[in-house]
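I have placed the structure first, in the form of structure tokens, so that the comments after it can refer back to it.
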Amino acid sequence: MEQIRPTSISKEPWGAGCYPAFLVELPHNGNDLDEYGCMTTYNSAVVYYNDLLNNSLARDRKTLQDASIVYVDKYSIMLELFQHPEAHGLKYATKACCGYGDGAYNFNPDLYCGNSKLVDGHTTSATACQDPQNYVSWDGIHHPCHGSCKQYHGFCSDEWFLLISAF
Numbered sequence: 007m008e009q010i011r012p013t014s015i016s017k018e019p020w021g022a023g024c025y026p027a028f029l030v031e032l033p034h035n036g037n038d039l040d041e042y043g044c045m046t047t048y049n050s051a052v053v054y055y056n057d058l059l060n061n062s063l064a065r066d067r068k069t070l071q072d073a074s075i076v077y078v079d080k081y082s083i084m085l086e087l088f089q090h091p092e093a094h095g096l097k098y099a100t101k102a103c104c105g106y107g108d109g110a111y112n113f114n115p116d117l118y119c120g121n122s123k124l125v126d127g128h129t130t131s132a133t134a135c136q137d138p139q140n141y142v143s144w145d146g147i148h149h150p151c152h153g154s155c156k157q158y159h160g161f162c163s164d165e166w167f168l169l170i171s172a173f
């Protein structure tokens with residue numbers, strides 16, 4: 007008797023062209039931002055990568071007809087949160103909750119969340135906001151628990167299940 011090994015395929019990277027860390031650290035200009043403040047070139051590359059992954063999985067399904075391949079589209083779920091945070095009970099899409107620098111992204115690559123550093127002769131800390139439940143991004147790179155709950159609720163909802171099972 008053969009052993010069954012569950013396999014899950016997750017589309018990566020997630021809508022990273024919207025994460026505050028990438029918006030601060032990756033080169034781009036205002037023309038590269040869409041109406042949601044996300045980098046179009048980066049997200050286009052992610053879509054291209056995901057298309058290649060879909061094609062590969064389609065070939066694998068034909069070859070491995072007895073296999074169950076679970077396909078998880080985290081990119082679309084996270085992109086939805088970044089593009090329409092208010093529709094999911096969130097307020098801030100491309101601004102980190104825990105960071106330093108405030109501004110549009112509240113992210114500084116020289117001072118990560120929870121750390122302190124001497125800046126201009128003063129000890130400065132990257133601290134958490136008072137309302138993390140309102141942010142898609144916790145520290146510019148990760149999403150907070152609230153965002154995770156939204157993501158996985160979306161993953162389990164009928165609408166997103168159709169995206170997963172349609173493959």
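For what it's worth, this note's numbering labels the leading residue of the sequence shown as 7, then goes sequentially.
Just so you know, even glycine gets a beta-carbon here, dropped at the ideal spot from N, CA and C.
Asked, Found
"Proximity below 9 Å, CB of G146 to CB of V53", "no"
"Three-state secondary structure assigned by DSSP to D164", "Unreliable placement is indicated for D164, whose pLDDT of 46 sits below 50; no coordinate value is reported for it."
"Buried or exposed (CB count within 10 angstroms, at least 16 for buried), A27", "buried"
"Contact belief for Y98 with V142 at Cβ below 8 Å, rounded distance in angstroms", "7 Å"
"Which residues DSSP lists as bridging L178, in chain order", "Outside the displayed span of the chain (7 to 173) sits residue 178, for which this structure offers no information."
"In chain order, each beta strand (DSSP E) run of at least 3 residues that lies wholly inside the segment 76 to 116", "98 to 102"
"N1 versus E41: straight-line alpha-carbon distance, rounded", "Since the first residue shown for the chain is 7 and the last is 173, residue 1 is missing from the structure and cannot be characterised."
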